[in-house]
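Residue numbers (the numbering used here), protein chains in the order written: chain H, 65 to 266; chain G, 65 to 266.
Encoded as C-alpha cells, the structure appears first; notes follow it.
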DNA sequence: TGGCTAGTGTTGACATTGTCAACATTGCTG
DNA sequence: CAGCAATGTTGACAATGTCAACACTAGCCA
C-alpha cells in the first residue's frame, strides 16, 4: 500500500481496529464502540471490520484478550521486581491488579463481564481468564509452603482473594465508593485484612 | 377500565411495566429488555411506557430501586431472626447478600453497574445504594463496640467487607468460578477470612 | 345530565445499529 | 503478466429508542 493513507487497502486494519477499539473503550466504555464509529475513526467503511472479525463480539473478545496480556505483564513485573515469597509481594499483586482496573475500566469490565460478549464467544474468553487464575493458585500454593499463610485448599484461597480484590475494583469502577475515600489506603486495608485472615489458623 | 383486558386504557401499566421488566431481566439479562418487547408482552404499544417513564434508563432505575428494596428486606429479615451482635449474624448478612445476587443476577448487575443506566440517572440510583451501605457501616460500628472486631474506621471496614462479598457475587454471576466449586463453602470461607482478618488486631 | 380536560395509549416516522450479499480493488503467485 | 485470494465498499434490511401527532376515555364541573 501507499503511505499517504489514500490506498484502497488499509494495510494493517486488524491491528488498527484492536487498538482503536481499545482506545474508545477506555474513553467512554464499551457502549460507544460501534462498528460504524470504528470505521469512521479509521477512515474505513462500516463493514470493513468483518473481513477480520466474525462479528462485533469476536472483536471485543480480541480486545479483552489483549487486556489480559497487558494485565499479566503488569503482574509478572511485580514477580520479577520482588522475587521470593515475602508477604509484601502478595500484597503488591493485589495493588497492581486494582490499579490496572482503575486505569482501564472499560477493558476490565469487558474482561470480566458478560454483557457485551455473545454466549458462543464467552468460553474462549473464560479460558484466557482461567490461565491467569491458575497462576494465582500457584502463588498461594508456594506461599503455603513457605509458611506465610494457613494451609488450606489453595484454589479456595485464591477465589477468596480474587473475589475481594475484584470486588474492590468493581466498586471503584462503578462509582460506588465515595470520592473522598483514600483509595490507596482502602486497597492496602483490603489486602491486609485478607492476609491477616489467612494467617489466623497458621 | 373493563376487566377483560380489551379496554383502551390498561389501568395499571406502570406497575405492570416494572414487574414485567424485572421478570425479563432475570430471564435473560438487561439486554433483552426492549421497549418494544415489553409492550408486546403486556399487549400494549411500543411507546406506551413513555407515559410513565422518561426513557428506558428511567425505567431501569425504577427496576433497580425495587431490587434494592427487595435486598433490604432480605437483610432486615436476618437482623430480625438473630438479634444481637453475634459474629454469626455478620456472617449471615454476607451469605444472604451473595445468595440474593445469585438468585437475581440481572437485577444485581443493574443495581451495581453503570452500563445500562444513563449518566443523569446514576446519582439517583447511587443514593439508594448508599442508604444500604450506611446501614452496613452502622453494623460494623456496633460490632466494634461489642468487641467482636478490631477498632478501626468502620467505613473502611464496611468497604472491605462489601468489596469481598460483592466481588464473590460478581465472579459467580459472571461465570468466572468453575462450576464444580462448592459455592456455599466458598461463601463461608470468604466471610470467615474477612472476620478473622478483622479480629486480628483486636 | 352533558361536555371538557387531562391522562393514557397508538401510529407514523426518523436516525442509529449490526450484519449480509453483491460488487470493487489490489497485492501476490504462478 | 494473468488471475486469484484477500481486502474494502455500497446497498439493503430488520431491530431499536424516541418523538410528534393523533385517538380514546375517565372523571370533574356546569
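Glycine residues also receive a C-beta, built at the ideal position from the N, C-alpha and C atoms.
If you look at residue 84 (chain H), you'll find it in the alpha helix (DSSP H) that goes 77-92. The Cβ atoms of residue 135 (chain G) and residue 81 (chain G) do not sit closer than 8 Å to each other.
Using a CB distance below 9 Å, the part of the stretch 239-258 of chain H facing chain G consists of 239, 240, 241, 242, 245, 246, 249, 250, 253, 254, 256, 257 and 258, ordered along the chain. The residues 155 and 158, in chain order, have a CB closer than 6 Å to that of residue 255 (chain H) in the same chain once the five nearest residues on each side in sequence are set aside. Positions of the alpha helix (DSSP H) runs, each at least 4 residues long and wholly inside the stretch 94-179 of chain H, are given as 99-106, 120-145, 151-167 and 169-176 in order along the chain. Contact annotation for residue 234 (chain H) against chain G: 230, 231 and 234 [CB-CB distance below 7 Å, chain order]. Along the stretch 110-128 of chain H, there is no position whose C-beta sits under 7 Å from a C-beta of chain G. Within chain G, no residue has its beta carbon less than 7 Å from that of residue 76 (chain H); the closest one is some 30 Å off. Against residue 193 (chain H), the close residues of chain G are 240, in the order they occur along the chain (beta-carbon pairs closer than 8 Å). For the pair residue 180 (chain H) and residue 226 (chain G), the Cα-to-Cα distance works out to about 25 Å. In the DSSP assignment, residue 193 (chain H) falls within the unbroken alpha helix (DSSP H) covering 186-209.
Rounded to the nearest angstrom, the gap between the Cα atoms of residue 260 (chain H) and residue 107 (chain H) is 54 Å. Residue 260 (chain H): member of the alpha helix (DSSP H) spanning 247-263, first to last residue.
Only exposed fits residue 242 (chain H), as fewer than 16 other CB atoms lie within 10 angstroms of its CB. Burial of residue 89 (chain G) is indicated by the presence of at least 16 other C-beta atoms within 10 angstroms of its C-beta.
Taking C-alpha positions only, residue 204 (chain G) is separated from residue 195 (chain G) by approximately 15 Å. Taking residue 234 (chain H) as reference, the option from H:176, H:91, H:219 and H:199 with the minimal CA-CA separation is H:176.
For residue 182 (chain H), there is no enclosing alpha helix (DSSP H), as DSSP marks it with neither H nor E. One alpha carbon belongs to residue 161 (chain G), the other to residue 251 (chain G), and they sit about 10 Å apart.
Assigned with DSSP and collapsed to three states, residue 234 (chain H) falls in helix. Contact between the stretch 99-117 of chain G and the stretch 70-79 of chain G is established, with three or more Cβ pairs separated by less than 8 Å. Assignment of residue 242 (chain H) by DSSP, reduced to helix, strand and coil, places it in the coil class.
Scanning chain H for C-beta atoms nearer than 7 Å to the C-beta of residue 82 (chain G) yields nothing, as the closest lies near 21 Å away. Around the beta carbon of residue 245 (chain H), fewer than 16 other beta carbons lie within 10 angstroms, which makes this residue exposed. Chain-order list of chain G residues neighbouring residue 95 (chain H): 179, by C-beta distance under 8 Å.
In the three-state scheme derived from DSSP, where H, G and I count as helix and E and B as strand, residue 212 (chain G) is classed as coil. Interface with chain G (8 Å Cβ-Cβ cutoff): residue 190 (chain H) is included. An exposed status is given to residue 141 (chain G), since fewer than 16 other beta-carbon atoms sit within 10 Å of its beta-carbon. Excluding residues up to 5 positions away in sequence, 128, 129 and 132 lie with their Cβ nearer than 8 Å to the Cβ of residue 192 (chain H) in the same chain. When the five nearest sequence neighbours on each side are left out, the beta carbons in the same chain lying within less than 7 Å of the beta carbon of residue 228 (chain H) are those of 254 and 258, in order along the chain. Residue 211 (chain H) has a beta carbon lying at 8 Å or more from every beta carbon in chain G. Contact check for residue 222 (chain G) against residue 247 (chain G) fails: the beta carbons are separated by 8 Å or more.
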